[in-house]
Amino acid sequence: MARAERITGAGRRIWRWSRDSGTQPRLLLAAKAALAATIAWVLAKYAPGVAAEYPYYAPLGAIVAMRTTVFAGIRSGVQTLVGITLGVLIAWVTMLIGDPGVIAVALAVGIGVLVSGFRILGEGYSWVPMAALFVLLVGGGNAEGYSFAYIVQMAIGIAIGLAVNFAVFPPLHFWDAERRIDQVNAVLAEQLDDLADVLVEGEPDTAAWDRQQERLDKAIADVRDRVATAQESRRMNPRGVLRGPRARLQSDGARFRALERATWYTTDLTELVARSGPVADAIGRPDPAFAEPFAAALRRVACVVRGDCPAEDGDEALATLEQALDASRSNPSRVTATASAIVALRGVIESEKRATGDVDTETGPPDGGRRRG
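Start counting the sequence shown at 1; every next residue gets the next number (full-length UniProt numbering).
Below is the structure:
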């Protein structure tokens, strides 16, 4: 019995690791890409006319369409076909000057790179000069037939890749976004705890805080990309019409907005407490007389953000700090700085509580993962 439990526990840990590390979706994507390329290679031999002589472009098209989301595959496929078509047209225009040679190649590549600069082409930008060059150098005297085969086979492969991606477990990337939001919560809470240590222990290392802030900024940008991918994964996805994915998408978006606001307020706190900057230079530093209640409030808010304490604990700590502030008016400038820090802390707590009137947007883990004190 104990041995079976150990095996089951190891299996769960391996499963969790493969999910957290992104191994599961990558394995699924690789398997679907291999399947789509194989199907495209088999069916490419039955393409109409001269296209059957160039079957190797069909698997390439299948790979182009195999993206992490169904919508991204559609976008990539359409943009690729548009880029190839433009490249073919450019090649035909350059061939008007005569047989392919140095001048024709230079014109085709130059015009192709120039045209590929239009942002509307998206992922198809690199295919414009490539297609023009292929038609000139590979197509040669059969440029018309080669151009037809190139476009047809790529279209066949793209269609097969899209069909496979749509039909075989189309991915929904909610877990990746949720996991990353939880990770950034931990980084944010750590920064608040470190600010409390600075208040108690003395002068901070401003260079280290600049690096810490840069780390937090990069983490937020990464979360933004992952949440956007999760939202995109529901588009054109048959699994996305279910109620569960819609609710998770709404919750993840709301949690990210709350996390982003909490990060803004934490940046202001960092300016005031731990390093020089436009906020600190204009307002000053918090009064050392409030260091103890201020540090306690920072640690309690960090506990709330981490998900270990209820938001009411943060409210109580802020109330204690506000009472200490109300009792002292001896140094107006330092009182102002401390009051500004309280506003920022209050912003973190309110971001933790809600973003809209009807959507729970706590930045910490969902209720099932919370360890309320």
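Here a beta-carbon is modelled for each residue, glycine too, at the ideal position from N, C-alpha and C.
Contact set for residue i: own chain, Cβ-Cβ below 8 Å, skip 5 residues either direction
i: residue 147; result: 88, 91, 92, 135 and 139
i: residue 256; result: 177, 181, 223, 224 and 227
i: residue 215; result: 187
i: residue 200; result: 291, 292 and 295
i: residue 26; result: none
i: residue 325; result: 290, 335, 338, 339 and 342
i: residue 126; result: 83 and 116
i: residue 193; result: 298, 299 and 302
i: residue 155; result: 61 and 81
i: residue 97; result: 103, 104 and 107
i: residue 315; result: 349
i: residue 320; result: 293, 296 and 297
i: residue 253; result: 227 and 231
Selection from the options that minimises the alpha carbon distance to residue i
i: residue 212; options: 231, 62, 224 and 191; result: 191
i: residue 351; options: 32, 260 and 232; result: 260
i: residue 133; options: 149, 52 and 101; result: 101
i: residue 308; options: 236, 44, 249 and 182; result: 182
i: residue 294; options: 306, 318 and 310; result: 318
i: residue 36; options: 64, 46 and 53; result: 64
i: residue 208; options: 219, 117, 220 and 195; result: 195
i: residue 323; options: 290, 300, 304 and 303; result: 290
i: residue 174; options: 234, 130 and 116; result: 234
i: residue 57; options: 27, 160 and 129; result: 160
i: residue 163; options: 54, 39 and 340; result: 39
i: residue 113; options: 128, 104 and 25; result: 128
i: residue 263; options: 348, 72 and 137; result: 348
i: residue 167; options: 239, 315, 85 and 130; result: 239
i: residue 171; options: 142, 230, 189 and 301; result: 230
i: residue 54; options: 353, 45 and 141; result: 45
i: residue 232; options: 142, 340 and 73; result: 73
i: residue 34; options: 125, 131 and 61; result: 61
i: residue 47; options: 97, 145 and 220; result: 145
i: residue 189; options: 301, 43 and 249; result: 301
i: residue 131; options: 157, 141, 86 and 142; result: 86
i: residue 157; options: 221, 29 and 43; result: 43
DSSP state of residue i mapped onto helix, strand, coil
i: residue 235; result: coil
i: residue 172; result: coil
i: residue 71; result: helix
i: residue 194; result: helix
i: residue 47; result: coil
i: residue 118; result: coil
i: residue 55; result: coil
i: residue 129; result: helix
i: residue 205; result: coil
i: residue 83; result: helix
i: residue 274; result: coil
i: residue 309; result: coil
i: residue 95; result: helix
i: residue 154; result: helix
i: residue 101; result: coil
i: residue 21; result: Because the pLDDT at residue 21 is just 49, under 50, the model does not fix this residue reliably, and the point stays unresolved.
i: residue 353; result: helix
Sequence-distant residues of its chain with Cβ nearer than 6 Å to residue i (five each side left out)
i: residue 51; result: 149, 152 and 153
i: residue 94; result: 104, 107 and 108
i: residue 237; result: 70 and 170
i: residue 353; result: 311
Cutoff 9 Å: residue i Cβ touching any chain B Cβ
i: residue 316; result: The chain inventory of the structure shown lacks chain B, comprising one protein chain alone.
Beta-carbon contacts of residue i that lie in its chain and below 7 Å, excluding the five residues immediately before and after
i: residue 303; result: 309 and 313
i: residue 75; result: 122
i: residue 274; result: 195, 198, 204 and 209
i: residue 32; result: 66, 164, 165 and 168
i: residue 41; result: 55, 58 and 59
i: residue 219; result: 184 and 187
For this session: Say whether the segment 109 to 121 touches the segment 78 to 87, bearing in mind that this needs 3 or more beta-carbon pairs closer than 8 Å, one atom from each stretch.
Result: yes
For this session: Would you check if the segment 60 to 68 and the segment 99 to 116 touch, i.e. whether three or more CB-CB distances between them fall below 8 Å?
Result: no
Exercise. Using 8 Å as the Cβ pair cut-off and three pairs as the minimum, do the segment 256 to 271 and the segment 338 to 347 touch?
Worked result: yes
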